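Trainee: Numbering of the sequence shown is given in the working numbering, commencing with residue 136 and proceeding in unit increments. We put the beta carbon where it would ideally sit given N, CA and C, even for glycine. Just so we're clear, the structure is a prediction, and the values are computed from it rather than from any experiment.
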Amino acid sequence: MKIPDEMLNILYGNYFGYVCTSDRNDIPHITPVFFVYDEPSQKIFFITNDMSKKVKNLLENPNVSITVDIRDTKNPFNNEGVMAQGTAEITERGPIYFLPEDTLQLYRDIYMEFKGKYQAVIENRPMGENDVIVQIKIEKMVYWKGPHFKSVKMG
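Following this line, the structure appears as structure tokens:
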């Protein structure tokens, strides 16, 4: 399915979103993540620590959503964003240096984006230490601008 340009502009123009997972009791958990969107596969990828609440929840319940938005604090009618819903899979565990080259490059892209923005936070943390790559297979996306919404079913 062809994704509308306004959705692509948000997904490719941003690196930061909010992932919502739920445990087996449907208790929600929302956290910020750096992500990469891959249009050919219609998947979103992010990295997290293998001991995180996100990973624990995804192992219990793979349903997930991520919201990426642009906010105008002066005029909320200019706010726009994309919410993608789908199923998550933890695709990689263990030392990242043994990953396939394309996956390793994806990891580097996400990591370097994060490192560039928050150098002081991760200065002494080696790349890949206790991390996993999570992929979200998108099933539905919703776009909004101000009070107007558009929905796209995938696949």
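Between I245 and the ligand SAH, is the CB less than 7 Å from at least one heavy atom?
Mentor: Questions concerning the ligand SAH fall outside what the structure shown contains, since it holds no ligand whatsoever.
Trainee: Per DSSP, F212 forms a beta bridge with which residues?
Mentor: Along the sequence shown, read from residue 1 onward, the residue named residue 212 stands at position 77. BP columns for F212 are empty, so no partner.
Trainee: Does DSSP put E274 in a helix, in a strand, or in coil?
Mentor: Residue numbering aside, residue 274 sits at position 139 when the sequence shown is read from its first letter. Note: E274 maps to strand in three-state DSSP.
Trainee: Please say whether F181 and V154 have beta carbons closer to each other than 8 Å?
Mentor: To locate residue 154, count along the sequence shown from 1; it is residue 19. To locate residue 181, count along the sequence shown from 1; it is residue 46. Result yes, Cβ atoms of V154 and F181 sit closer than 8 Å.
Trainee: Could you name the residues that DSSP lists as bridge partners for N184?
Mentor: Sequence index remark: in the sequence shown, residue 184 carries index 49 (1-based). Answer is D266.
Trainee: Note down the Cα distance separating D204 from E236, rounded to an integer number of angstroms.
Mentor: By 1-based counting over the sequence shown, the position of residue 204 is 69. By 1-based counting over the sequence shown, the position of residue 236 is 101. Rounded to whole angstroms, D204 to E236 spans 31 Å at the Cα level.
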